[in-house]
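Sequential numbering from 10 applies to the first sequence in my numbering.
Cβ atoms here follow ideal geometry from the backbone N, Cα and C, with glycine treated the same way.
What you are looking at is a predicted structure, and each value in this text was computed from that prediction instead of being measured.
Here is the structure we will look at.
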Amino acid sequence: MKYILIAEIAEHLEEEIVLKGWVRNIRHSGKLLFIILRDGTGDVQCVAFQPELGEEKFDQAKHLSLESSVIITGKVKPHPRLEGQFEVAVSDLSIIQIAEDYPIGKKEHGADFLLSHRHLWIRSSKQWAILRIRHTVYYAICDFLHQNHFIRFDSPILTPNACEGTTTLFELQYFDEGKAYLSQSGQLYLETGIMSLGRVYDFGPVFRAERSKTRKHLTEFWMMDAEAAFIEHDENMQLQEELIRYVIRIVLKERDLELTILERDKEALKAADAPFGRMSHYDAVEYLRSKGSEITHQNDLGAIDEVLLTENSPVPIFVDRWPKEIKAFYMKRDPENPDLVLGSDLIAPEGFGEIIGGSQREDDYDLLLQRMINENMPIEDYRWFLDLRKYGTVPHSGFGIGLERLVCWISGVHHIRETIPFPRMIYRIYP
RNA sequence: UCCGGAAUAGCUCAACGGUAGAGCAGGUGGCUGUUAACCACUUGGUUGGGGGUUCGAAUCCCUCUUCCGGAGCCA
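Structure below.
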């Protein structure tokens with residue numbers, strides 16, 4: 010008898026097969042018994058009929074609890090009521106383990122309880138769907154970058170300095186070498202990579218010890234940083250747009266069931282696969298003020314501003330050419346206005362907010378050094394970074410995507426904590 | 001860090017100064033097509049900790065703890 014995955018069940022219609030998995034739900038009605046079996050690749054209803062399975066096995070099956078692990082043998086049939094679906098007529102059943110009382114019930118639970126049981130919560134169908142979309146977003150990003158000649162270049166997680174001096178770092182003692190820090194971004198290391206490989210990206214966990222407490226923040230999250238030589242500001246935004254639209258198309262194509270489980274508005278997602286909006290920070294501020302925001306030309310966009318900006322836009326919007334005071338030291342000044350930098354944020358629609366930050370980088374040694382001195386950065390620690398501007402400097406640009414934020418927007422999930430297997434937040438590190 | 005809210009059965013909640021209760025989960029039984037199945041019966045409580053007011057506190061007051069929502073910072 011052939012052991013198959015539920016994902017492959019359509020290929021085995023009218024065949025006797027073996028499934029191995031867990032009991033998602035069980036109901037019985039006299040001599041009939043329905044088991045919703047899940048095996049990680051999908052769910053299928055298995056139907057046992059007492060006269061066919063035998064009294065002893067049927068009685069055992071009746072006492073299966075939620076999440077018990079079982080091996081089911083049976084014949085694949087079309088579902089009598091649900092078009093295009095299948096069910097399994099059970100001919101044999103063996104129990105691996107009867108699960109103890111499963112803490113996560115069929116009715117609703119609170120956030121605290123679910124987060125404390127995250128190791129079990131991930132089995133629930135919505136969580137299953139989100140994690141599968143996360144996987145697809147991850148590999149679609151890598152696939153797009155590979156097609157565009159980007160080489161994976163893993164930047165270190167243990168670093169001697171802050172990449173962007175402003176935000177808070179997790180600190181640890183590194184043997185006898187003094188303090189080390191968990192990386193907030195691999196970007197500065199990526200800039201070294203392009204001088205060897207032309208186009209590079211990294212993808213890994215980064216850490217922010219900010220005491221942020223919102224549905225958009227994690228202290229440990231996965232970031233993809235891409236960096237490319239000879240790509241300038243406008244091409245940089247173009248590349249980001251193509252990447253995001255590619256990811257949307259792949260998710261719509263390969264994760265339709267998961268989007269349905271999550272009740273994601275697929276039409277809204279489809280509508281985002283169209284040319285993105287572009288707006289300078291100056292124009293964005295003017296627009297927001299006309300809508301009643303109190304933002305000024307020296308401010309970053311607040312949470313309400315991000316919602317206001319995109320509320321009538323089906324597509325994400327780039328906001329670029331920011332005042333240099335509110336952006337990082339490494340961003341290149343705007344040749345048309347020395348008070349601005351060639352940085353861009355990509356703001357996702359549907360009230361979601363920022364998903365990408367990118368910029369053309371300062372490639373002139375003297376201007377970069379001056380900027381670092383102005384920010385009181387420890388120049389000696391960044392000798393290696395400044396060296397890049399001494400030995401064959403070139404115009405170059407890059408951007409960083411927060412994986413969980415992208416997954417959150419694409420899957421239409423309310424809180425970022427559901428988009429990573431084990432979220433790390435200011436007041437939570439278990440499990 | 002700041003502002004707001006919450007904590008009662010395993011879970012989700014009710015009771016708002018006078019005998020702690022429901023639904024779900026668990027248990028037992030019933031039902032040949034169920035879809036968070038249904039029906040009947042049933043187990044289950046130091047009302048987050050400490051202190052106070054009161055004849056009497058889950059309920060009012062103080063305090064601590066934990067969590068949730070939002071802001072700022074950012075991806």
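Span separating the alpha-carbon of residue i from that of residue j
i      : j      : result
Tyr375 : Phe338 : A small correction: the amino acid at residue 375 is Asp; Tyr does not occupy that position in the sequence shown. Straight-line Cα distance between these residues: approximately 13 Å.
Lys188 : Asn308 : 33 Å
Tyr269 : His405 : Sequence inspection shows Thr at residue 269; the Tyr mentioned does not correspond to that position. Going from the Cα of Thr269 to the Cα of His405 covers about 40 Å.
Glu24  : Asp101 : 14 Å
Thr145 : Met233 : 14 Å
Trp130 : Leu278 : 26 Å
Arg47  : Ser368 : 45 Å
Ala16  : Ile304 : 51 Å
Pro323 : His72  : 51 Å
Ile365 : Phe95  : 41 Å
Ser194 : Lys300 : 34 Å
Glu109 : Ser77  : 8 Å
Met340 : Phe122 : 43 Å
Ile160 : Tyr198 : 14 Å
Phe441 : Lys29  : Absent from the structure is residue 441, since the part of the chain shown begins at 10 and ends at 440.
Arg220 : Pro432 : 15 Å
Ile326 : Val316 : 11 Å
His118 : Gly401 : 58 Å
Ile257 : Glu92  : 27 Å
Thr175 : Arg330 : For Thr175, the predicted model reports a pLDDT of 48, less than 50, meaning its position is unreliable; a value from the coordinates is still stated below. Taking the straight line joining both Cα atoms gives about 20 Å.
Pro344 : Leu351 : 9 Å
Leu297 : Glu272 : 31 Å
Which of helix, strand or coil DSSP assigns to residue i
i      : result
Gly63  : coil
Val324 : coil
Arg437 : strand
Ser74  : coil
Ile44  : strand
Thr428 : helix
Gln94  : coil
Arg398 : coil
Ile382 : helix
His21  : helix
Tyr111 : coil
Arg298 : helix
Arg220 : coil
Asp390 : helix
Asp329 : strand
Thr82  : strand
Range covered by the beta strand (DSSP E) that runs through residue i
i      : result
Phe230 : Glu229 to Ala238
Met288 : Gly286 to Ser289
Arg36  : Glu25 to Ser38
Ile364 : Gly362 to Gln369
Ala149 : Note, Ala149: premise wrong, no beta strand (DSSP E); alpha helix (DSSP H) at Ser134 to Gln156.
Ala128 : The sequence as given places His at residue 128; Ala does not occur at that position. Premise fails: His128 lies in the alpha helix (DSSP H), Arg127 to Trp130, not in any beta strand (DSSP E).
Asp52  : Asp52 to Phe58
Asp354 : Asn346 to Ala357
Pick from the options that is closest to residue i, judged by C-alpha positions
i      : options                           : result
Ile203 : Arg398, Thr428, Glu64 and Arg433  : Arg398
Pro89  : Val79, Leu278, Cys55 and Pro112   : Cys55
Thr177 : Ile166, Leu191 and Asp185         : Leu191
Arg437 : Leu14, Leu227, Glu96 and Glu61    : Leu227
Arg414 : Phe230, Glu251, Glu315 and Ile166 : Phe230
Ala238 : Ile18, Val403, Lys11 and Arg36    : Val403
Gln106 : Leu75, Ile160 and Met10           : Leu75
Met246 : Ile35, Ile410, Cys151 and Gln69   : Ile410
Glu65  : Ala19, Trp331, Lys40 and Trp31    : Lys40
Ser103 : His126, Leu261, Ala70 and Phe58   : Ala70
Glu61  : Ala98, Glu345 and Ala312          : Ala98
Cys151 : Arg426, Ile419 and Leu412         : Leu412
Cys417 : Ile139, Ile356 and Glu272         : Ile139
Arg370 : Met10, Glu295, Asp243 and Ile166  : Asp243
Asn383 : Thr428, Glu334 and Val328         : Glu334
Ile142 : Pro440, Tyr439 and Pro430         : Pro430
Arg208 : Arg217, Glu186, Leu154 and Arg264 : Leu154
Val262 : Lys86, Ser289 and Ala149          : Reading off the sequence shown, one finds Lys at residue 262, where the question assumed Val. The shortest C-alpha separation from Lys262 is found at Ala149.
Continuous alpha helix (DSSP H) stretch holding residue i: start and end
i      : result
Leu197 : Gln196 to Leu206
Tyr190 : Element bounds for Tyr190: not the alpha helix (DSSP H) but the beta strand (DSSP E), Lys188 to Leu191.
Glu251 : His242 to Glu263
Ala337 : Element bounds for Ala337: n/a, residue is neither H nor E.
Glu315 : Ala312 to Thr319
Phe184 : Run containing Phe184: none; DSSP gives neither H nor E here.
Val416 : Leu412 to Ser420
Ile15  : Unbroken run through Ile15: none, as it is neither H nor E.
Glu276 : Lys275 to Ala280
Distance cut-off 7 Å: residue i Cβ against heavy atoms of the ligand MN
i      : result
Met233 : Summarising the ligand content, the structure contains no ligands, and the ligand MN is consequently not present.
Would you check if the region 370-389 and the region 241-260 touch, i.e. whether three or more CB-CB distances between them fall below 8 Å? no
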